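Heads up: the sequence shown runs through residues 560 to 858, numbered per this note's numbering. Each residue gets a CB set at the ideal place from its N, CA and C atoms; glycine is no exception. These figures come from a predicted structure and were not determined experimentally. One structure is given below, encoded as structure tokens.
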Amino acid sequence: MNPSTPITRHRVSTTVVLTVAAVAGATLIAQDRPLPDFDTFTAQVKKHLQTDEDLQAGYAFTERETEQKLDGSGRVKEQNVKVYEVYPGLPGEDRYRRLIEENGKPVPPAELEKKDRERQKKAEQYAREQTTLSESDRQRQKRDYEKAMKERREAIDDIFNVFDVRMVGRESIDGHDAIAFTLTPRPKATASTDSGRMMRHFSARAWISESDYALVKVNVEAVEPVSFGLGLLARLQKGATASYQRRKVNGESWLPARVTYRGSGRVLLVKSMHLGGTSEFSNYRKFSVDTTTEIAGRE
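Here it is, written out as structure tokens:
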């Protein structure tokens, strides 16, 4: 039968109508289900809230980073794309980002081998230093860790100090039920951390997994200009946006999947810039640091 015949078109139309009705019905049923108790749910969210760095600490993964320079109309003038293999860093250090490709061109093997040897020497030195740590050094490391944990807890508390947080609905993201929240900065809100003081310049909409209490997605927008380095280093203009998306990997952890940003600002109070970019994360695999061997798990 010709797919353009009236009978076939009628069947297609009927199928579309029934599908839309079924989806709409499922949505109405989901919305009829009461939302969780705000205080109980957010208490669990506080317990489960983690930074991307914490979540990725036990994994190696691939990161594709795209940086763009835009014109005043938002069109791309210049673009740079880098691909990294990323591995857990040594304690107290950033992750090891191993550049393997730039703008479609693989990094020469000799250059990779050189960087890997340098990394290996640094790891072996760290391992040797750990065997000679004094008790006072270990206590200092413990205090540093406890201080960092305290600052993190305070930053999480600042979310609820700085923002008027409201539970606004339930939505499905990649097949997972998520509770949606709006976060609006309170006028004259006080914060006890640097992160909290930075939050005051942004509004957000966040989605939290209903079953796992984990952050699934958040969209952020600057509601006023944001200064860095007392305004001497850089100034981000109102309207800058960023979006963070996570996905559940191996049915275990919600890990970063995609980050995008776009905005305008000034650097050193002189140079005006319009920037955008994306980071995409893939190929997650469990990784344990062995400071006495070469980097494992390379593809």
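| Check | Outcome |
| --- | --- |
| Using the C-alpha atoms, what's the distance from residue 668 back to residue 752? | 44 angstroms |
| Would you report the Cα separation of residue 846 and residue 750, rounded to the nearest angstrom? | 36 angstroms |
| Decide if the segment 738-745 is in contact with the segment 763-776; the criterion is three or more beta carbon pairs, one per stretch, under 8 angstroms apart. | yes |
| Rounded to whole angstroms, what's the CA-CA distance from residue 657 to residue 817? Just pull it up for me. | 19 angstroms |
| Please state the DSSP three-state secondary structure of residue 772. | coil |
| When you compare the segment 679-686 with the segment 698-713, are there three or more beta-carbon pairs, one atom per stretch, that lie closer than 8 angstroms? | no |
| Using 8 angstroms for Cβ pairs, my map puts residue 799 next to residue 823. What's the rounded Cβ distance? | 7 angstroms |
| How should residue 597 be labelled, buried or exposed, when 16 other C-beta atoms within 10 angstroms of its C-beta is the threshold for buried? | exposed |
| Please identify the residue among 655, 803, 606 whose C-alpha is closest to the C-alpha of residue 616. | 655 |
| Got a sec? Which residues, its chain only, sit under 7 angstroms from residue 842 by beta carbon, not counting five neighbours each side? | 620, 621 |
| Answer yes if the segment 771-786 comes into contact with the segment 622-637, meaning at least three C-beta pairs across the two stretches below 8 angstroms, and no otherwise. | no |
| Helix, strand or coil for residue 749, going by three-state DSSP, please let me know. | coil |
| Taking the CB atoms as reference points, tell me whether residue 813 and residue 748 lie closer together than 7 angstroms. | no |
| For the beta strand (DSSP E) holding residue 668, just list the boundary residues, first then last. | Unbroken run through residue 668 is the alpha helix (DSSP H), 668-690; no beta strand (DSSP E). |
| Run the CB neighbour count on residue 607, radius 10 Å, all protein chains shown included, and call it buried at 16 or more, exposed below. | exposed |
| For residue 714, does the count of other Cβ atoms within 10 angstroms reach 16, so buried, or fall short, so exposed? | buried |
| Consult DSSP for residue 717 and reduce its assignment to one of helix, strand or coil. | helix |
| Using three-state DSSP, classify residue 709 as helix, strand or coil. | helix |
| Since residue 670 and residue 641 should fall inside the 8 angstroms C-beta cutoff, what is the C-beta to C-beta distance between them, to a whole number of angstroms? | That pair is no contact at about 14 angstroms. |
| Residue 700 by DSSP, collapsed to three states: which one? | helix |
| Which ranges would you report for the beta strand (DSSP E) in the segment 607-632 if only whole runs of at least 3 residues count? | 618-629 |
| Give the secondary structure of residue 811 by DSSP, where H, G and I count as helix, E and B as strand, and everything else as coil. | coil |
| If residue 742 sits next to residue 724, beta carbons under 8 angstroms apart, how far is it from one beta carbon to the other, in whole angstroms? | 5 angstroms |
| Taking residue 778 and residue 763 to be in contact with their CB atoms under 8 angstroms, please state how far apart those CB atoms are, rounded to whole angstroms. | 6 angstroms |
| Nearest to residue 720 by alpha carbon, out of 637, 757, 702, 653? | 757 |
| Less than 8 angstroms between the CB atoms is what I'm expecting for residue 820 and residue 836, so what's the real figure, rounded? | 6 angstroms |
| Helix, strand or coil, according to DSSP, for residue 797 in the structure here? | coil |
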